[in-house]
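All residue numbers for the sequence shown refer to UniProt numbering, where the first residue is 1 and numbers rise by one. Data block below; observations after.
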Amino acid sequence: MSSIQQNIEHITSQIADVQQKCGRARDSVQLLAVSKTKPNQAILDAAKAGQTRFGENYVQEGVDKVQYFQTNHPELDLEWHFIGPIQSNKTRLVAEHFDWVHTIDREKIAQRLNDQRPQHLPPLQVLIQVNISDEASKSGVEPQQIFDLAQLISSLPSLTLRGLMSIPANVDNHQQQLETFKQLAALQTQLGEQYAHIDTLSMGMSGDMDAAIEAGSTMVRIGTAIFGARDYSSKA
1 MSSIQQNIEH ITSQIADVQQ KCGRARDSVQ LLAVSKTKPN QAILDAAKAG QTRFGENYVQ
61 EGVDKVQYFQ TNHPELDLEW HFIGPIQSNK TRLVAEHFDW VHTIDREKIA QRLNDQRPQH
121 LPPLQVLIQV NISDEASKSG VEPQQIFDLA QLISSLPSLT LRGLMSIPAN VDNHQQQLET
181 FKQLAALQTQ LGEQYAHIDT LSMGMSGDMD AAIEAGSTMV RIGTAIFGAR DYSSKA
């Protein structure tokens with residue numbers, strides 16, 4: 001058994017334990033393996049362990065991986081999520097290659113993704129990124145801006161709005177984490193009252209996964225705990 005397979009089994013077990021403690025349904029939380037900076041072989045090892053959803057932060061690196069697996073391992077039928085910031089000049093690549101985008105935070109990006117989505121592909125599944133902790137260094141819309149952006153996205157035929165995503169401030173206190181995640185979950189509930197298909201709340205990483213699941217996350221983004229430490233030397 002590979003270390004990656006062991007890590008996935010461990011994380012999956014942790015998720016199941018937290019779901020049970022919180023009284024949530026089994027398999028109500030999906031694991032998104034964050035594979036940025038990791039080689040194709042590591043992703044292949046994870047896929048062989050049953051992992052099908054992968055998240056990428058860098059456009060060209062992600063596109064290269066999508067193309068590699070579509071060409072060399074089409075039988076795996078992997079689902080690719082873009083979870084990094086999107087520049088206007090990179091929207092076409094994202095629209096043409098990814099299945100999901102977690103980081104829509106302005107109308108211009110949503111419109112470009114819609115216009116550049118190939119007609120032969122199903123609608124791009126998208127999330128609105130929310131700056132829930134009001135950090136100047138973080139991307140995302142302010143909570144009060146969610147609904148205007150959602151209205152635009154809902155009018156775009158090549159996009160399907162599925163919910164919200166956030167990267168809250170990094171704090172160690174479980175209660176603080178929980179309160180912040182509950183704020184996002186409440187916004188998700190409001191969004192779901194207005195739009196169909198709202199079923200995804202992408203929040204929680206290795207350090208705050210438990211609080212995120214307790215608050216209602218449906219997708220946790222885990223990287224280092226699966227693949228080990230990242231090498232950013234080629235990203236400078």
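Don't be surprised by glycine CBs; every beta carbon is placed ideally from N, CA and C.
Put simply, the segment 152-163 touches the segment 114-124. At least three CB pairs are less than 8 Å apart.
In the DSSP assignment, F181 falls within the unbroken alpha helix (DSSP H) covering 174-194.
According to the DSSP assignment, F98 belongs to no beta strand (DSSP E), since it is labelled neither H nor E. A residue is called buried when at least 16 other Cβ atoms come within 10 angstroms of its Cβ; D199 does not meet this threshold and is exposed. Rounded to whole angstroms, L152 and E107 show a C-alpha spacing of 7 Å. Contact between the segment 223-231 and the segment 28-43 is present: 3 or more CB-CB pairs across the two stretches fall below 8 Å.
Ranked by how close their Cα comes to the Cα of F147, the residues D105, N170, D172, D231 have D105 in first place. DSSP places E61 within a helical segment (H, G or I) once states are collapsed to three.
In this structure, E79 and T52 form a Cβ contact; the two beta carbons are roughly 6 Å apart against a cut-off of 8 Å. Annotated as proximal: L32 and G55, with beta-carbon spacing under 7 Å.
By DSSP's assignment, L32 forms a beta bridge with R221. When DSSP states are grouped into helix, strand and coil, H197 belongs to the coil group. Secondary structure remark: continuous alpha helix (DSSP H) runs of at least 4 residues inside the segment 93-160, in chain order: 107-116, 146-154. In the three-state reduction of the DSSP assignment, L76 falls in the helix class, which pools H, G and I. Restricting attention to N173, A25, L191, the CA atom closest to the CA of D208 is found in N173. For V66 and L201, the gap between their C-alpha atoms comes out near 24 Å.
Collapsing the DSSP output to three states places M205 in coil. Within its own chain, the residues whose Cβ lies closer than 7 Å to the Cβ of A211, once the five positions on either side in sequence are excluded, are H174, Q177, L178, F181, listed in chain order. Here V141 is actually not in contact with V101; their C-beta atoms are around 14 Å apart, not less than 8 Å.
Of the residues assessed, A196 falls on the exposed side of the cut-off, its CB having fewer than 16 other CB atoms within 10 angstroms.
For S166, there is no enclosing alpha helix (DSSP H), as DSSP marks it with neither H nor E.
Fewer than three pairs of CB atoms, one per stretch, sit closer than 8 Å, so the segment 67-74 makes no contact with the segment 85-92.
Residue environment: D45 is assigned as buried (16 or more neighbouring CB atoms within 10 Å of its CB, all protein chains considered).
C-alpha of L76 to C-alpha of H97: approximately 16 Å in a straight line.
Annotation for S3: the continuous alpha helix (DSSP H) segment containing it runs 3-22.
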